[in-house]
Every structure is written in structure tokens, then in C-alpha cells.
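Residue numbers (this note's numbering), protein chains in the order written: chain A, 352 to 516; chain B, 42 to 161. By construction, the Cβ of each residue, glycine as well, lies at the ideal position given by its N, Cα and C atoms.
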Amino acid sequence: MSTVKNMFKGILFTFIYLTTTMIIPYLTFTWVKELSILGIPIVMSQLEYERILFWISAFGLMISGCAFFNYSSPKGSIRKAIFALIQILLNCLYIWSYKFSGATDVSFEILTIGDLSIDFSQMILLYMGIYFLTIILKVYDLVDFTLNREKIREKRYSKKGGDTK
Amino acid sequence: MLLDFLQVFAEIIGAILTFLKPIVSPIGAWMVEWIEVVLGVFPDDSLSIYIGIFIFLIVVGAIVNSLWTGDAPPNFLTQKGKLATISDEKLKEVEEIEDLTKVYKDDDDRKRDSDQIDED
Numbered sequence: 352m353s354t355v356k357n358m359f360k361g362i363l364f365t366f367i368y369l370t371t372t373m374i375i376p377y378l379t380f381t382w383v384k385e386l387s388i389l390g391i392p393i394v395m396s397q398l399e400y401e402r403i404l405f406w407i408s409a410f411g412l413m414i415s416g417c418a419f420f421n422y423s424s425p426k427g428s429i430r431k432a433i434f435a436l437i438q439i440l441l442n443c444l445y446i447w448s449y450k451f452s453g454a455t456d457v458s459f460e461i462l463t464i465g466d467l468s469i470d471f472s473q474m475i476l477l478y479m480g481i482y483f484l485t486i487i488l489k490v491y492d493l494v495d496f497t498l499n500r501e502k503i504r505e506k507r508y509s510k511k512g513g514d515t516k
Numbered sequence: 042m043l044l045d046f047l048q049v050f051a052e053i054i055g056a057i058l059t060f061l062k063p064i065v066s067p068i069g070a071w072m073v074e075w076i077e078v079v080l081g082v083f084p085d086d087s088l089s090i091y092i093g094i095f096i097f098l099i100v101v102g103a104i105v106n107s108l109w110t111g112d113a114p115p116n117f118l119t120q121k122g123k124l125a126t127i128s129d130e131k132l133k134e135v136e137e138i139e140d141l142t143k144v145y146k147d148d149d150d151r152k153r154d155s156d157q158i159d160e161d
């Protein structure tokens, strides 16, 4: 029963992460590329459009894989903590890959008006700072799960009426 | 209308950024440093490596988390426990045998002593 539950959770979160890290950004960038505001067509002059999609796909796949491992692992287990930490680190790389690939400084050319440039760098820098705090929390979880391994195990086994030794 | 909304939204975001900037931005800058180093290592020519990693994580995750679901002790721990119980039982048996041997030895000594006395 637990196997089914673990696998279901893993698959569910894999799909959630595949959607949020790959499908939605992919559709957004495709949409932005062919966007028109108030009937005025704008051309995305982002030369590295394919590069952005490459990094989105690359990190999206790795994050989703880690999400599967993370969410299908038992609660309070060391492997869950390790994969949660890896996932957060990959998330940082993913977010920063937007900047790295040029997606944080998107320039548009509005045909009848002129150029429009949107710079998300500061916002991403702020987001990185918040991610740092998340990393600290995940490291704390890992240490906690490692130090209290026996207690957590016993609690889990007793919950299910299993042998505690 | 849309422009007004965007203006208010931009001002709110701006206020939050200004408030948090002195605390969070330096940390963010440090994060950026190590991330740029790590990103340099990742291959950027083929997606197949990443697809491979994804499949590997799914397969390994499915195997590991099916075998060790977390609601019962893993097999190797159960076997270890069984072995510990068996070895405890064996140890007791050995101790009992040793005690018995000791008794026999004591008896032998006593007999030898009594024989000695008789001879004397």
C-alpha cells in the first residue's frame, strides 16, 4: 500500500514540476515571441530564444526527476532530505539560467513605437536571496533527519504497527 | 485602466524590492557567483544527457522507494536483528556449555583430590 502511495505522490509531483518548470515557461516564451499588444505586433528580438528553451528543458527535466525521488521517499527519511536539497540547488540553477540565457533582459521591438526592454535581474537576485534561506532550511532538515534517524524510524514504524527494531 | 494597474503593481514590487534589497541582494550576489561556476560545468550542446539523468532518477527512485517504503524496517535491518537474536541465543548456549564443563572440571578436580587423600 505504501509503495502505491509513494509512487502516486512521486508521479503527481513529477507532473506538477514538469508543468511548472517546462510546459508553462515553454508556452510563455512561445507566446511572448508572437505577442501583439493592442493590435500592434511586437517581435521578440531575443536571439537566444532556443538557448532559453534548452536550459528550461535541461533543468526542468532534472528538477522533475529529483521531485519524483523526493516526493516518493518516506517522510523524514535522509534520502528525502538529500533530494529536497538537490532539488532546491537545481532550482537555483534553473532560475539563474534565465539570466544566463538572457531571458531576464528581454528586449522587444514594437513595430510602430520603438524598443521595449524588460530587466528582471534585480527580481531574480532577490529571489536568489530567498532561495538561500530555503537552502539553509533544507540543510537543517538533513542534519535533523540524520541525528534523529532512530527516533523518526521508530515513530514511523509504530505508526504503522511495525517492528521498531 | 491597464496602465494604472501596472503602475500600482510596479510600485508595490518596487517597494518590496527596496525594503529587502540591503538584506537579500548581497546573499543573492554570492549565490550568483557559485551558480555561474556550476553552470559552466553543465554541458550545453545536447539534451540527451539531461533526459538520461531524468530517466535514471525516475528508475532508481521507483526501485529504492518501492523496496524501502519507510513503514517497516528494511530487510537488511530485519536480517541483522535476526542474526543478533540468533547470536545472543548461541552465546547463551555456549555459556551454559561452558558452565557445565566447569562443573565437570570441578568434579574431576574434587575426585582427584579425594583420590590423593585416599592414597595418602
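In this structure Arg-500(A) is exposed. Its beta-carbon is surrounded by fewer than 16 other beta-carbon atoms within 10 angstroms. Under the 7 Å criterion on CB atoms, Ser-509(A) is classed as non-interfacial with respect to chain B. Looking at the backbone, the Cα of Lys-489(A) and that of Phe-359(A) are separated by about 23 Å.
For the pair Leu-484(A) and Tyr-491(A), the Cα-to-Cα distance works out to about 11 Å.
Going by DSSP, Gly-111(B) is part of no alpha helix (DSSP H) at all; its letter is neither H nor E.
Asp-156(B) carries a helical assignment under DSSP once its states are collapsed to helix, strand and coil. The region 58-65 of chain B and the region 428-437 of chain A do not touch, with fewer than three beta-carbon pairs separated by less than 8 Å. For Trp-447(A), the closest of Gly-55(B), Met-72(B), Glu-52(B), Lys-143(B) by C-alpha to C-alpha distance is Met-72(B). Straight across, the Cα-Cα distance linking Ile-403(A) with Trp-382(A) is about 14 Å. Contacts between Asp-85(B) and chain A, judged by CB atoms closer than 9 Å, involve Arg-402, Phe-405, Trp-406, Ala-409 in chain order. Listed along chain B is no residue with a C-beta nearer than 7 Å to that of Met-373(A); the closest approach is about 11 Å. When CB distances to chain A are screened at a threshold of 9 Å, the residues of the region 91-116 of chain B falling below it are Tyr-91, Ile-92, Ile-94, Phe-95, Ile-96, Phe-97, Leu-98, Ile-99, Val-101, Gly-102, Ala-103, Val-105, Asn-106, Ser-107, Leu-108, Trp-109, Thr-110, Gly-111, Asp-112, Ala-113, Pro-114, in chain order. Contact annotation for Phe-483(A) against chain B: Val-65, Ile-68, Gly-69, Trp-71, Met-72 [CB-CB distance below 9 Å, chain order]. In this structure, DSSP gives Ser-87(B) a state outside helix and strand, which the three-state scheme calls coil. Within the region 490-509 of chain A, the residues whose Cβ lies closer than 8 Å to any Cβ of chain B are, in chain order, Arg-504, Arg-507, Tyr-508. The shortest CA-to-CA distance from Asn-106(B) to any of Trp-406(A), Ile-414(A), Ser-353(A), Ile-374(A) is the one to Ser-353(A). In this structure, DSSP gives Ser-428(A) a state outside helix and strand, which the three-state scheme calls coil. Annotation: Lys-152(B) to Glu-139(B) spans about 20 Å, alpha carbon to alpha carbon.
If you compare the alpha carbons of Phe-410(A), Trp-406(A), Gly-411(A), Asn-421(A) with that of Val-101(B), the shortest gap goes to Asn-421(A). Approximately 6 Å separates the beta-carbon atoms of Leu-88(B) and Ala-409(A); this is inside 8 Å, confirming the contact. Thr-354(A) has a beta carbon lying within less than 7 Å of a beta carbon in chain B. Ile-76(B) reaches chain A at Cys-443, Leu-444, Trp-447, counting residues in chain order whose Cβ is nearer than 7 Å. Counting the other Cβ atoms within 10 Å of the Cβ of Leu-369(A) gives 16 or more, which makes it buried. The beta carbons of Ile-68(B) and Gly-480(A) sit closer together than 7 Å. Under the 7 Å criterion on CB atoms, Leu-476(A) is classed as interfacial with respect to chain B. Annotated three-state conformation of Asn-499(A) is coil, per DSSP.
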